[in-house]
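Visitor: Before anything else, here's the structure in question.
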Amino acid sequence: MVDVLKPCSKKQAQMLAHNAQVLFIGGACGGGKSHILSMIPIRYLDCPNYRATFLRRTTPQLMKSGNLWDKGHKVYGALPKKYRPRWVKGDKKMAIFPNGPLIEYSHCQHITDLENYQGAEMTGFFIDEAKIVWSPTQ
129 MVDVLKPCSK
139 KQAQMLAHNA
149 QVLFIGGACG
159 GGKSHILSMI
169 PIRYLDCPNY
179 RATFLRRTTP
189 QLMKSGNLWD
199 KGHKVYGALP
209 KKYRPRWVKG
219 DKKMAIFPNG
229 PLIEYSHCQH
239 ITDLENYQGA
249 EMTGFFIDEA
259 KIVWSPTQ
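129 is the number of the first residue of the sequence shown in our numbering; add one for each residue after it.
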């Protein structure tokens, strides 16, 4: 069985070891990018004010099997029990960790949806799929 809390490749290990404020990860479908994105917040589980948002363009993309919501359940479900989050699946989809960290899973389908994030205090902002970025004419 694969340990979901460990990188599966040298590339994934490099991404987890990063110290950058902005990190772009590219690669083919199935390369483990979403998995690594889900692992990055683990280093902040002892920071009660940690806030992160994971974005896909649409909610169905976010919730589809194998995508961010699913990856989060697998990765955070493998944590020791004292670190496992409570999952909220309503209008807001969140993983709320016992010590206070919070990860919101959201969509940004229209350019105007970007306004929903203006002024938000976030430690991490993760966009899964670069196609979520729009041109100025949209």
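Glycine included, every Cβ here is placed at the ideal spot set by N, Cα and C.
1) Cutting at 6 Å between CB atoms, please list the residues of its own chain near Y211, excluding the five before and the five after it.
2) Judging by CA-CA distance, which residue of R185, L151, I153 is the nearest neighbour of T240?
3) For A223, name the three-state secondary structure that DSSP assigns.
4) List the whole-angstrom C-beta distance separating F152 from D256, where the pair is believed to meet the contact cut-off of C-beta under 8 Å.
5) If distances are taken between C-alpha atoms only, which option among A206, P208, S166, Q237 comes closest to M222?
6) For L207 and L242, I'd like the C-alpha separation in whole angstroms.
7) Check H163 in the structure and name its three-state DSSP category.
8) Which of the three DSSP states is assigned to M129 in this structure?
9) Going straight from the alpha carbon of S193 to that of F253, what length do you get?
10) Tell me the residue span of the beta strand (DSSP E) that contains L144.
Guide: Taking the geometry as given:
1) For the purposes of this step, residue 211 is taken as the residue at position 83 of the sequence shown. L173, listed in sequence order.
2) Your numbering for residue 240 matches position 112 in the sequence shown. If we check each option's Cα against that of T240, R185 comes out closest.
3) Translated into the one-based positions of the sequence shown, residue 223 becomes position 95. Residue state, collapsed to three classes: strand.
4) Within the sequence shown, residue 152 is the residue found at index 24, counting from 1. Within the sequence shown, residue 256 is the residue found at index 128, counting from 1. Contact flag wrong, Cβ pair sits at about 12 Å.
5) Your numbering for residue 222 matches position 94 in the sequence shown. Cα-wise, what sits closest to M222 is S166.
6) The residue you call residue 207 lines up with position 79 of the sequence shown. The residue you call residue 242 lines up with position 114 of the sequence shown. Answer to the nearest angstrom: the Cα atoms are 32 Å apart.
7) Indexing the sequence shown from 1 puts residue 163 at position 35. Note: H163 maps to helix in three-state DSSP.
8) The residue labelled residue 129 in the question sits at position 1 within the sequence shown. Per-residue confidence for M129 stands at a pLDDT of 36, beneath the threshold of 50, marking its modelled position as unreliable; no derived number is given.
9) As a first step, residue 193 is located in the sequence shown; it is residue number 65 there, counting from the start. As a first step, residue 253 is located in the sequence shown; it is residue number 125 there, counting from the start. In a straight line, the C-alpha of S193 is about 21 Å away from that of F253.
10) On the sequence shown, residue 144 is found 16 positions in, with the first residue counted as 1. From DSSP, L144 is part of no beta strand (DSSP E) but of the alpha helix (DSSP H) over 138-144.
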